[in-house]
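To keep things clear, I will list the structure first and then write my remarks on it.
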Amino acid sequence: MLANLILLFLSVLAMEAIANITHRYVMHGFLWVLHESHHRPRTGTFELNDLFAFFFSVPSILLIYVGSYHYGPALWVGLGIAIYGLIYFIFHDVIVHNRLAFPYKFKSAYMLRIIQAHKLHHAVSAKHGAVSFGFLYARPARELKAELKRLAG
Ligand SMILES: [Zn+2]
Ligand SMILES: [Zn+2]
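Using our numbering, the first residue of the sequence shown is number 161, and each one after it goes up by one.
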């Protein structure tokens with residue numbers, strides 16, 4: 161059981177790295193056509209960028225299926241992806257972008273740091289020149305601001 165929980169925890173951690181790399185190189189790369197909607201003011205309830213949630217749900221569902229019927233450890237990796245997706249949704253969509261009119265204002269240094277970092281990601285609404293592609297881990301705001309300045313050249 162402990163091994164499974166460690167696998168679950170590592171999967172959640174790994175997803176932060178995968179989300180960071182995907183955001184930097186895919187969403188701000190060849191799939192900018194979908195992600196661009198997230199860097200523009202939203203016009204309706206949904207945005208094209210929401211499709212990424214479906215993309216990421218596919219490996220999660222497959223791994224949970226494989227884990228349930230064929231190879232146990234896959235279940236914990238699949239659940240790790242699903243849990244990361246839930247944390248990402250709550251942090252990114254509910255807390256930072258306030259899509260569900262969430263009333264609570266966070267005060268902890270960690271929360272303020274990652275919220276500000278993602279807001280700094282949105283300081284640039286173009287494909288290139290953005291900073292801070294992760295979500296649950298972020299460099300200090302002053303470093304991000306310095307990088308923004310440098311990128312703006
Ligand atoms: Zn972005
Ligand atoms: Zn965002």
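Note that CB positions come from ideal geometry on N, CA and C, so glycine has one too. On a predicted model such as this, the values are computed, not experimentally measured, just so you know.
| Query | Result |
| --- | --- |
| Mind reading off the beta-carbon distance from L194 to N209? Whole number of angstroms is fine, and I expect it under 8 Å. | 6 Å |
| List the endpoints of the continuous alpha helix (DSSP H) containing S309. | Correcting the residue identity first, residue 309 is Lys in this sequence and not Ser. It spans A301 to A312 - the alpha helix (DSSP H) in which K309 sits, taken as one unbroken run. |
| Heavy atom of ligand 1 less than 7 Å from the Cβ of A213, yes or no? | no |
| From N164 to Y297, what distance separates their C-alpha atoms? | 24 Å |
| Helix, strand or coil for H199? Go by DSSP, reduced to three states. | helix |
| At what residue ranges does the stretch 242 to 310 contain a whole run of the beta strand (DSSP E), taking only runs of 3 or more? | none |
| Return the first residue and the last residue of the alpha helix (DSSP H) that N180 is part of. | L162 to T182 |
| Can you list, in chain order, the residues of its chain whose CB lies under 8 Å from that of R273, leaving out five sequence neighbours each side? | A298, P300 and A301 |
| Is H278 near ligand 2, going by C-beta to nearest heavy atom under 7 Å? | yes |
| Counting along the chain, where does the alpha helix (DSSP H) carrying L223 start and finish? | L211 to Y229 |
| For L246, count neighbouring Cβ atoms within 10 angstroms of its own Cβ and tell me buried if that reaches 16, exposed if not. | exposed |
| Less than 8 Å between the CB atoms is what I'm expecting for I241 and S268, so what's the real figure, rounded? | The Cβ separation is near 26 Å, so there is no contact. |
| Smallest Cα separation from Y248: which of Y231, F216 and S285? | F216 |
| Which of the three DSSP states is assigned to L138 in this structure? | Absent from the structure is residue 138, since the part of the chain shown begins at 161 and ends at 313. |
| Pick helix, strand or coil for G189, following the three-state DSSP scheme. | helix |
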